[in-house]
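Read the structure below first, then the notes.
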Amino acid sequence: MIKSNAVYAFPARDDRPIYVTQPHLPPLAEYIPYLEKIWNSRVLTNGGPFHQQLERALCEYLGVEHIALFSNGTLALVTALQALRVTGEVITTPYSFVATAHSLLWNGIKPVFVDIDPVTLNIDPAKIEAAITADTTAIMPVHCYGRPCDVNAIEKIADNYNLKLIYDAAHAFGVKDDGGSILRHGDLSVLSFHATKVFNTFEGGAIVCPDAKTKQRIDHLKNFGFVDEVTVVASGINGKMSELNAALGILQLQYLEDAMARRKAIAEMYCELLDGIPGIRCVGHCGETVANYSYFPILVERNYPVSRDALYQLLRESNVYARRYFFPLISDFPMYRGLPSAARENLPIAADIANRVICLPIYPGLEEQQVRTVVQVISDV
Ligand SMILES: *Cc1c(COP(=O)(O)O)cnc(C)c1O
133 MIKSNAVYAF PARDDRPIYV TQPHLPPLAE YIPYLEKIWN SRVLTNGGPF HQQLERALCE
193 YLGVEHIALF SNGTLALVTA LQALRVTGEV ITTPYSFVAT AHSLLWNGIK PVFVDIDPVT
253 LNIDPAKIEA AITADTTAIM PVHCYGRPCD VNAIEKIADN YNLKLIYDAA HAFGVKDDGG
313 SILRHGDLSV LSFHATKVFN TFEGGAIVCP DAKTKQRIDH LKNFGFVDEV TVVASGINGK
373 MSELNAALGI LQLQYLEDAM ARRKAIAEMY CELLDGIPGI RCVGHCGETV ANYSYFPILV
433 ERNYPVSRDA LYQLLRESNV YARRYFFPLI SDFPMYRGLP SAARENLPIA ADIANRVICL
493 PIYPGLEEQQ VRTVVQVISD V
């Protein structure tokens, strides 16, 4: 039932806008001593002590062997492709943040889009083989919303066709499966520590790699290709994380368990409150154990009284700034639209999901009452 004045039907309890996310920050006072150390030492970057300390701390926290920090996730993706000397065509998903495919274009690589699985919303392994050509050199899947890809099926295909496998794990910080960190899969996994992500260093990113030799190559590549003062072994880039960012990361790690617990509690609250609203379906999370609660996507089904975009507008009018991640599909942006694999007929599931998804606000500081406000807008339509 649509109430003609749904927007005004209930008084706003609270005028504060509710954004889809809000960056987590530690108490400022605890950051100051780190700044003092940086000021005293004048080591600002170039793999300084905080950079080294954060790499060690992240390996331990994530349960991985080697990690190389970057100034952001996109440069980490670009560099990961360089590290494995990927060329030609790479199979990837259209249902992601645009940086996934942009990293391919920056390397002169042709993205080949493959449709997603309607349940996991990750690349559908059953559709990968048909997209492989003589030019295919790698697969770049995304653990969308931090929910793991079908890593075993994808790995089998990569092995059979001798393809490199780079996971865009920008959403998958801290996600584990039965065997340990989800980041151990593939040749490389790439993280983002952008302000909007579960773990942030203002801006930042990393490549998780399986062996010391690969890490060394990546470390050279992120520092112009320098091996020592007079030796340059590759046309590297400047992708280094600064000491400011690394210091913040060290501090953020101390608050992460708490922040994750808050996210989980909020997700559970959404699951409970949204349950039974006709036409609203939660994606994963409810009852799912493998998740980091980085996003809370819902799908607007055909039997919901209004369209997804109408609901999105109603939320905005109630000061709730939910986001339509991932709409439009990457394959619909102008630099990809002309590719044969970007055709709508090739990507029916992704196109349908992109038209029905909304990511609801979720972040550690979100209050119970705010969660109720969001749900009430959805249920009052
Ligand atoms: C955030 C994000 C990136 C880019 O990370 P930045 O650190 O912002 O450069 C890449 N891929 C996906 C899927 C992302 O969500």
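Reading the sequence shown from the start, the letters are residues 133 to 513 in the numbering used here.
C-beta atoms are modelled at their ideal positions from N, C-alpha and C, and glycine is treated no differently.
Being a predicted model, the structure only gives us computed values, none of them experimental.
Simplified DSSP assignment, three categories, for residue i
i: Thr153; result: coil
i: Leu431; result: strand
i: Gly337; result: strand
i: Gly306; result: coil
i: Ala285; result: helix
i: Asp464; result: helix
i: Gly318; result: coil
i: Ala270; result: strand
i: Leu446; result: helix
i: Lys329; result: coil
i: Ser439; result: coil
i: Arg455; result: strand
i: Tyr277; result: helix
i: Ser473; result: helix
Closest Cα partner of residue i within the set the options
i: Asp512; options: Leu443, Cys191, Ala391, Phe358; result: Leu443
i: Glu223; options: Phe459, Val196, Asp247; result: Correcting the residue type first, residue 223 is Ile in the shown sequence and not Glu. Here the closest residue by C-alpha is Asp247.
i: Asp441; options: Val359, Arg455, Asn435, Pro429; result: Arg455
i: Leu157; options: Leu380, Ser473, Asn451; result: Leu380
i: Leu376; options: Pro155, Val152, Phe465, Ser173; result: Ser173
i: Val330; options: Tyr387, Lys354, His352; result: Tyr387
i: Tyr425; options: Leu176, Phe305, Asp291; result: Phe305
i: Pro159; options: Ser321, Leu383, Gly240, Ile260; result: Leu383
i: Asp310; options: Asn284, Ala290, Val322; result: Asn284
i: Ala290; options: Ala208, Ala270, His352; result: Ala270
i: Ser235; options: Val322, Ile164, Ile150; result: Val322
i: Trp238; options: Asp147, Glu261, Leu209; result: Leu209
Sub-8 Å separation of residue i and residue j beta-carbons
i: His303; j: Gly336; result: no
i: Ile485; j: Pro226; result: no
i: Ile339; j: Thr211; result: yes
i: Met467; j: Phe202; result: no
i: Phe459; j: Val438; result: no
i: Thr268; j: Leu297; result: no
i: Pro496; j: Val506; result: no
i: Phe358; j: Asn370; result: no
Integer Cβ distance of residue i from residue j, believed to fall under 8 Å
i: Ala215; j: Ile350; result: 5 Å
i: Met392; j: Glu500; result: In fact, because the Cβ distance is near 17 Å, the residues do not count as touching under 8 Å.
i: Ala523; j: His275; result: Only positions 133 to 513 of the chain appear in the structure, and residue 523 is not among them; the question remains open.
i: Pro273; j: Tyr299; result: 6 Å
i: Arg413; j: Leu431; result: 5 Å
i: Asn435; j: Pro410; result: 6 Å
i: His183; j: Ala378; result: 4 Å
i: Glu197; j: Pro342; result: 6 Å
i: Val415; j: Leu253; result: 7 Å
Output the residue ranges of the beta strand (DSSP E) runs that lie fully inside the stretch 159 to 244 and measure 3 residues or longer, sorted by chain position.
198 to 202, 221 to 224
Let me know the beta strand (DSSP E) ranges lying completely inside the stretch 342 to 422, each 3 residues or longer, listed in chain order.
358 to 360, 412 to 414
What beta strand (DSSP E) runs, 3 residues minimum, are completely inside the stretch 481 to 511?
489 to 492
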